[in-house]
Amino acid sequence: MKKEPIAFFIPTLDGGGAERAVVNLLKGMVERDILLDLVLASAKGPYLSQIPKQVRLFNLEAGRVIKAILPLSLYLRQNRPQMLISQMCHANVIALIARDLARTNTPLIAVEQANLSNSKSHLMRANLVPPLMKWLYPRAEAIVGVSQGVIDDLEMQFGFQKEKLSVIYNPVVDSDLIAKAKAPVNHPWFQEGSPPVFLAVGRLTEQKDFLTLIKAFAILRKQVQARLVILGEGELRIELETLINTLGIAEDVSLPGFLENPYAYMNKATAFVLSSRWEGLPTVLIEAMACGCPVIATDCPSGPNEILEAGKYGILIPMGNPESLSKAMLQILETPVNRDILIQRAMHFSREQSVSKYLALLDR
Numbered sequence: 001m002k003k004e005p006i007a008f009f010i011p012t013l014d015g016g017g018a019e020r021a022v023v024n025l026l027k028g029m030v031e032r033d034i035l036l037d038l039v040l041a042s043a044k045g046p047y048l049s050q051i052p053k054q055v056r057l058f059n060l061e062a063g064r065v066i067k068a069i070l071p072l073s074l075y076l077r078q079n080r081p082q083m084l085i086s087q088m089c090h091a092n093v094i095a096l097i098a099r100d101l102a103r104t105n106t107p108l109i110a111v112e113q114a115n116l117s118n119s120k121s122h123l124m125r126a127n128l129v130p131p132l133m134k135w136l137y138p139r140a141e142a143i144v145g146v147s148q149g150v151i152d153d154l155e156m157q158f159g160f161q162k163e164k165l166s167v168i169y170n171p172v173v174d175s176d177l178i179a180k181a182k183a184p185v186n187h188p189w190f191q192e193g194s195p196p197v198f199l200a201v202g203r204l205t206e207q208k209d210f211l212t213l214i215k216a217f218a219i220l221r222k223q224v225q226a227r228l229v230i231l232g233e234g235e236l237r238i239e240l241e242t243l244i245n246t247l248g249i250a251e252d253v254s255l256p257g258f259l260e261n262p263y264a265y266m267n268k269a270t271a272f273v274l275s276s277r278w279e280g281l282p283t284v285l286i287e288a289m290a291c292g293c294p295v296i297a298t299d300c301p302s303g304p305n306e307i308l309e310a311g312k313y314g315i316l317i318p319m320g321n322p323e324s325l326s327k328a329m330l331q332i333l334e335t336p337v338n339r340d341i342l343i344q345r346a347m348h349f350s351r352e353q354s355v356s357k358y359l360a361l362l363d364r
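For the sequence shown, the UniProt record's numbering gives the first residue as 1, with consecutive numbering after it.
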């Protein structure tokens, strides 16, 4: 085993799918006795407490990720990692510039988490990022997409060489997840004999489209007794709460905020709903399946169709359609689901498989 570390670079450890993926990769590589560095533009976020103690943490204290260029360059010169794995388009651009400034030959893997054609106006904060991606990404030794849909989109937009492109699913399922799923839930709605509970998990942002979910639940609530829990925090909280009150369903909708362990909720929910307008590879959908929870998902670009194999493992619905979503929710209540089959499918997205594929890229 080489003495040089494998380094990961990501802006923060805020509560998103990319951040969870990095933490899970670190845990998986620690199990293989690999030296690891985690480099953060700012050391903040709820996942900081989950970093394995064997991992060296470098806080660049940069604030915004664009200010991380020089401190990241200095880290590369001083520590000479055997590989740098960066995450998310704007951070990937910064990492490639920093490596050029450092004048090191550190191999760099740029990991793309989102379907950019659909997310660029929201997630790519400046018009400068796409041309920088087209210019800089070919300098990476490998470009990884977290789903085939993400890779197809990169090919369509930028025409990158196929030899540099790889699909590696995010590491989602591991023994920690399964153990946490068995933890008790203190929320009163999850007691035995209570009405069915639909669950959603994600940031309260336009991307997740919880407005459509709330409208769909209001339609369902006129037909059957049920409840809705949305775990997450974000800038649309007030707008969502206003809609809930306007529709008169406040007694049956709960927004508890971000929770460290959503898996216990997934384990006990009647069904999980992903209402997103776009994704890369929706981690929460896989997590819910790993907990044996029946799932409904929008057929958004990209990931749900891939994960559910065109509806084999869950219900796929059109985006932004409350009527279709409410019908799917009613269908879930009326149709038994084999939870064991969902768990088996989720294991295709295990931590072990993802770690092995990243290490194979290093060897290549």
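We put the CB at the ideal spot given by N, CA and C, even for glycine.
The alpha-carbon separation between Val23 and Ile307 amounts to approximately 21 Å. Between Thr298 and Leu316, the C-beta gap is smaller than 9 Å, which places the two residues in contact. In this structure, Cys293 sits near Met266, with a CB-CB distance shorter than 9 Å. Per DSSP, the continuous beta strand (DSSP E) segment holding Met83 begins and ends at 83–87. Taking the C-beta atoms as reference points, Ile332 is found nearer than 9 Å to Thr270.
In the three-state reduction of the DSSP assignment, Ala328 falls in the helix class, which pools H, G and I. With distances taken between CA atoms, Pro46 lies nearest to Asp14 out of Asp14, Cys291, Arg56, Ala68.
Annotation for Asn92: Ser86, Ala110 place their beta carbon closer than 6 Å to its own, counting only its chain and skipping 5 residues before and after.
Annotation: the continuous beta strand (DSSP E) that includes Asn59 extends over 56–59.
In the DSSP annotation of this structure, the continuous segment of the alpha helix (DSSP H) that includes Glu155 starts and ends at 148–158. Between Pro301 and Asp153, the C-beta gap is smaller than 9 Å, which places the two residues in contact.
For the 9 Å CB-CB criterion, Ala102 and Leu57 do not form a contact. Scanning the UniProt domain "Glycosyl transferase family 1" (193–346) from its first residue to its last, the whole alpha helix (DSSP H) runs of 4-plus residues come out as 210–221, 237–246, 263–268, 283–290, 304–307, 322–334, 339–346. Inclusion of Glu4 and Asn105 in the CB contact set at 9 Å is not warranted, their separation being larger than that value.
Straight through space, the alpha carbons of Phe349 and Pro196 are spaced by roughly 28 Å. Comparing C-alpha distances from Ala360 to each of Val167, Ala288, Ile219, Thr246 shows the shortest one belongs to Val167.
In this chain, the beta strand (DSSP E) harbouring Val144 covers 142–145.
Short of 7 Å from the beta carbon of Met133, and not among the five residues preceding or following it, lie these beta carbons of its own chain, in chain order: Cys89, Val93, Phe158.
Ala102 sits in a helix when the DSSP states are folded into three classes. When the alpha-carbon of Ser194 is set against those of Leu228, Glu163, Ala7, Asn118, the nearest one is in Leu228. The Cβ atoms of Met329 and Phe198 sit closer than 9 Å to each other.
If you look at Val39, you'll find it in the beta strand (DSSP E) that goes 36–40. For Glu112, the number of other beta carbons within 10 angstroms of its own is at least 16, and it is reported as buried. Below 8 Å, enough C-beta pairs join the region 59–68 and the region 34–46 to call them touching: three or more.
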